[in-house]
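Okay, structure first, notes after.
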Amino acid sequence: MSSSVRQGSRASRYALRTIALGYLTLLLVLPLVALFYRTFEHGLAPVWAAVTAPYAVHAFWLSLELVAIAVPLNTVFGIGIALLLERHPFRGRSLVGALIDVPFAVSPVVIGLSLVLVYGDQGWFGTSLMAHGISVIFSVPGMVLATAFVSLPFVARETMPVLRELGTDSEEAAATLGASPWQVFWRVTLPAIRWAVTYGVVLTTARALGEFGAVSIVSGNVLGVTQTLPLYVKNEFDNFDVTGAYAASVVLALLTVFTLLFMQVLTRKARRAD
Amino acid sequence: MAIEVYDVNKRFGDFVALGDVSVPVDDGSLTALLGPSGSGKSTLLRVIAGLETPDSGRVVIDGDDVTDTPARERGVGFVFQAYAPFKHMTVRDNVAFGLRVRKHPKADTERRVAELLGLVRLDGLGDRYPSQLSGGQQQRMALARALAPQPHVLLLDEPFGALDAQVRAELRDWLRRLHDEIDVTTIFVTHDQEEAMEVAEQIVVMNRGRIEQIGAPRELYEHPSNEFVMSFIGPVNRLGGNTFLRPHDIEILAIDEAGGATEALVERVVHLGFEVRVELLLGDGERIWAQVTREQAAELELAEGQILATRFRSPRVFAAG
């Protein structure tokens with residue numbers, strides 16, 4: 005009796021595993037394999053030519069530039085908001101908590117449109133910004149805003165539960181030992197949340213690299229000027245330059261995969277350290 | 005006087021954590037804040053440390069009003085109930101923390117840390133991380149860390165609460181001796197009356213955010229000012245409303261020796277080693293228990309169902325309330 009139950013559970017375990025792996029294969033693995041296959045179908049030379057095309061290179065560097073600005077911004081802001089929400093409770097705390105999740109909940113296209121409404125040449129701030137010679141929409145500042153907006157929640161959301169679990173004891177202990185608030189943060193709080201922050205940064209990076217919707221609206225998608233790697237991929241695809249689209253996709257996919265692998269290594273290291 | 009607390013009030017929402025609390029603590033003394041959970045003892049300790057701001061009232065340390073001084077400038081060592089170790093630092097770095105944030109000279113810091121690790125008997129464990137230490141060792145590390153900047157005042161929140169009974173007894177004894185060695189005004193919080201009686205020179209009994217009584221352990225035991233103190237500080241029998249009686253103040257006699265004594269039926273005899281606990285049913289239906297020595301129990305040949313005489317020494321009557 006009991007052995008048949010065990011066999012039954014074993015069978016269902018295999019079934020579950022098959023379903024899960026099948027789902028992943030169909031949804032994730034196969035498309036990626038197809039992408040790589042089609043890209044390298046005719047050897048390395050055409051791929052190399054496609055990724056070194058001036059507009060492709062420009063898109064690559066612009067994507068990295070957006071990441072280099074948006075990620076540090078969101079790291080500082082994310083840690084700040086996590087500390088504010090977890091350590092200095094105030095009225096309206098839950099409202100702010102909900103606001104942080106807006107970028108998760110709202111479609112990036114909507115985010116892009118709303119940025120245009122505020123910063124565009126007809127927008128609330130846009131007119132006065134224009135008067136001072138600053139253009140936000142259809143240029144890099146707007147793209148930074150859009151990228152920062154969509155990748156905003158990760159650091160804060162990763163850090164908050166860790167701060168909560170950490171509690172205030174060790175911070176209070178540091179204060180009684182004579183540490184200033186600044187010293188408490190650098191010497192006690194930050195080391196304790198460093199893995200959560202790192203994890204958040206990696207997710208922010210991956211999200212910022214891949215952003216399409218919001219950036220595509222805000223950027224105006226000017227070839228060689230405001231085109232990021234995802235926009236370039238779409239552009240090439242629309243122009244039936246399949247090799248260019250595939251090659252750029254592979255670069256984008258590899259960048260993200262490396263970021264995520266980096267995270268895997270870090271989490272393993274973190275687990276060993278604790 | 006090293007620490008004076010005047011008329012401190014502290015509320016958390018509707019909950020009164022401290023109500024008009026005033027406590028004097030002598031320089032260099034060892035004081036226990038004793039009370040059940042929710043009595044406000046930990047809050048009082050945190051107010052003294054500057055980790056909690058009182059709604060009103062004053063805190064004076066060494067003659068200076070520190071009510072508005074932040075914790076980091078009060079010169080107070082604080083040991084947390086769960087030790088609050090800095091987990092990413094070695095034991096040595098934990099202990100050195102208070103000296104380093106004050107930019108203490110390097111060589112002197114090292115010397116002092118080594119000295120403190122010796123004092124708390126953790127020499128040789130300086131390179132370990134807190135997670136590699138036992139509970140008792142972490143406790144001693146936390147103590148060394150708190151003592152490193154040479155505080156005027158040492159505050160300990162339930163210092164032995166999380167340890168098993170044997171380690172606890174050992175640490176108590178050690179804290180007592182340490183206090184004699186290092187001359188720092190010490191206050192610790194406990195809910196364990198035996199611990200307070202054994203370690204402290206002065207006990208502050210707290211209940212529901214208020215002070216019930218302050219005094220030396222013996223004074224509290226012998227002259228409790230109210231029912232709460234009497235029953236919290238030791239075992240007690242309640243007789244007919246407001247009369248209270250310690251179990252060892254019930255004398256048990258053979259029935260023929262007794263003149264004018266109360267008769268009682270022995271319901272149960274519990275042998276606890278040297279002490280024997282006798283549960284008695286009195287003529288008026290009240291149940292009490294008496295504490296006698298092994299010898300007395302043997303002499304009286306105590307057994308269940310036996311009828312004996314009892315005589316009460318120094319019963320106490322408190323006004324109702």
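Protein sequence lines, in the order shown, are assigned to chains Y and B.
Taking my numbering, I'd label the letters of the first sequence as residues 5 to 278.
Taking my numbering, I'd label the letters of the second sequence as residues 5 to 325.
We put the beta carbon where it would ideally sit given N, CA and C, even for glycine.
Query                                                                                                                                                                          : Result
With a cut-off of 8 Å on the beta carbons, I'd call Y:Val159 and Y:Val110 a contact; round off their distance for me.                                                          : Their Cβ separation, rounded to whole angstroms, is 19 Å, which puts Y:Val159 and Y:Val110 out of contact at 8 Å.
Per DSSP, what kind of secondary structure is B:Tyr87 in: helix, strand or coil?                                                                                               : coil
Counting only beta-carbon atoms, is B:His195 nearer than 7 Å to chain Y?                                                                                                       : no
Going by DSSP, name the residue or residues bridged to B:Ala36.                                                                                                                : B:Phe192 and B:Ile207
Using only the alpha-carbon positions, how far apart do B:Arg78 and Y:Val106 sit?                                                                                              : 44 Å
Would you kindly check if the distance between the Cβ of Y:Pro50 and the Cβ of Y:Thr247 is under 7 Å?                                                                          : yes
Mark B:Gln170 as exposed unless 16 or more other C-beta atoms lie within 10 angstroms of its C-beta, in which case mark it buried.                                             : exposed
What does B:Val80 touch in chain Y if you count any residue whose Cβ is under 7 Å from its own?                                                                                : Thr180
On the three-state DSSP scale, how would you describe B:His156?                                                                                                                : coil
Excluding the 5 residues preceding and the 5 following Y:Met5 in the sequence, name in chain order all residues of the same chain whose CB lies nearer than 7 Å to its CB.     : Low confidence applies to Y:Met5: its pLDDT is 45, below 50, so where it sits in the model is not reliable, and the reading given next is rough at best. Around Y:Met5: no qualifying Cβ.
Determine which residues of the stretch 94-105 of chain B have a Cβ less than 7 Å from any Cβ of chain Y, and write them out in chain order.                                   : Phe101, Gly102 and Val105
Residue ranges of each alpha helix (DSSP H) run of no fewer than 4 residues wholly in the stretch 90-165 of chain B, ordered along the chain?                                  : 95-104, 110-123 and 139-151
Of all the CB atoms in chain Y, is at least one closer than 7 Å to the CB of B:Phe3?                                                                                           : Look at the range of chain B in this structure, 5 to 325, and you will see that residue 3 of chain B is not part of it.
Would you kindly check if the distance between the Cβ of B:His156 and the Cβ of B:Asp66 is under 7 Å?                                                                          : yes
Find out if the Cβ-Cβ distance for the pair Y:Pro138, Y:Val166 is shorter than 7 Å.                                                                                            : One detail in the question is off: residue 138 of chain Y reads as Ile in this sequence, not Pro. Taking 7 Å as the Cβ cut-off, Y:Ile138 and Y:Val166 do not qualify as a contacting pair.
What residue ranges within the stretch 219-255 of chain B form continuous beta strand (DSSP E) runs of no fewer than 3 residues, ordered along the chain?                      : 241-243 and 247-249
Quick one: which chain B residues come within Cβ less than 9 Å of Y:Pro195?                                                                                                    : Phe90, Lys91, His92 and Met93
Ignoring anything shorter than 4 residues or poking outside the stretch 10-66 of chain B, list the alpha helix (DSSP H) runs there in chain order.                             : 45-53
Can you list, in chain order, the residues of its chain with a C-beta nearer than 8 Å to that of B:Arg326? Leave out the 5 residues immediately preceding and following it.    : A question about residue 326 of chain B goes unanswered here, because the residues of chain B that appear run from 5 up to 325.
Can you tell me whether DSSP reads B:Gln170 as helix, strand or coil?                                                                                                          : helix
CA-CA distance, Y:Gly224 and B:Tyr133?                                                                                                                                         : 55 Å
By how many angstroms is the C-alpha of B:Phe248 removed from the C-alpha of B:Glu231?                                                                                         : 8 Å
For B:Ala75, which residues in chain Y fall below 8 Å Cβ to Cβ?                                                                                                                : Glu176, Ala179 and Thr180
If I measure Cβ to Cβ from B:Gln197 and keep anything under 8 Å in the same chain, skipping five residues before and after, which residues do I get?                           : Leu38, Phe236, Ile237 and Gly238
For B:Val99, which residues of its own chain have a beta-carbon under 6 Å away from its beta-carbon, when the five flanking residues on both sides are left out?               : Val117, Leu120, Ala148, Arg149 and Ala152
Could you compute how far the alpha carbon of Y:Leu181 sits from the alpha carbon of Y:Ser118?                                                                                 : 49 Å
Evaluate contact between the stretch 139-158 of chain Y and the stretch 215-224 of chain Y, counting only Cβ atoms and requiring at least three cross-stretch pairs below 8 Å. : yes
So within the stretch 169-203 of chain Y, which uninterrupted beta strand (DSSP E) runs reach at least 3 residues, ignoring any that extend past its ends?                     : none
Which chain Y residues are close to B:Phe236, counting only those with a beta carbon under 8 Å from its beta carbon?                                                           : Ordered by position in chain Y, no residue passes the 8 Å Cβ test against B:Phe236, which lies about 28 Å from the chain.
In the structure shown, what three-state DSSP assignment does B:Leu306 receive?                                                                                                : coil
Thinking just about the alpha-carbon of each residue, which of Y:Ala179, Y:Leu194 and Y:Ala257 is nearest to the one in B:Ala75?                                               : Y:Ala179
Distance check for Y:Ala72 and B:Arg125, CA to CA, integer angstroms please.                                                                                                   : 50 Å
List the residues of chain Y that B:Arg149 touches, going by C-beta distances under 9 Å, in chain order.                                                                       : Ala177 and Leu181
What did DSSP end up calling Y:His136 once you bin it into helix, strand or coil?                                                                                              : coil
Nearest chain Y C-beta to B:Ala53 closer than 7 Å, yes or no?                                                                                                                  : yes
Hey, could you find the ends of the alpha helix (DSSP H) Y:Leu66 is sitting in?                                                                                                : Pro58 to Arg91
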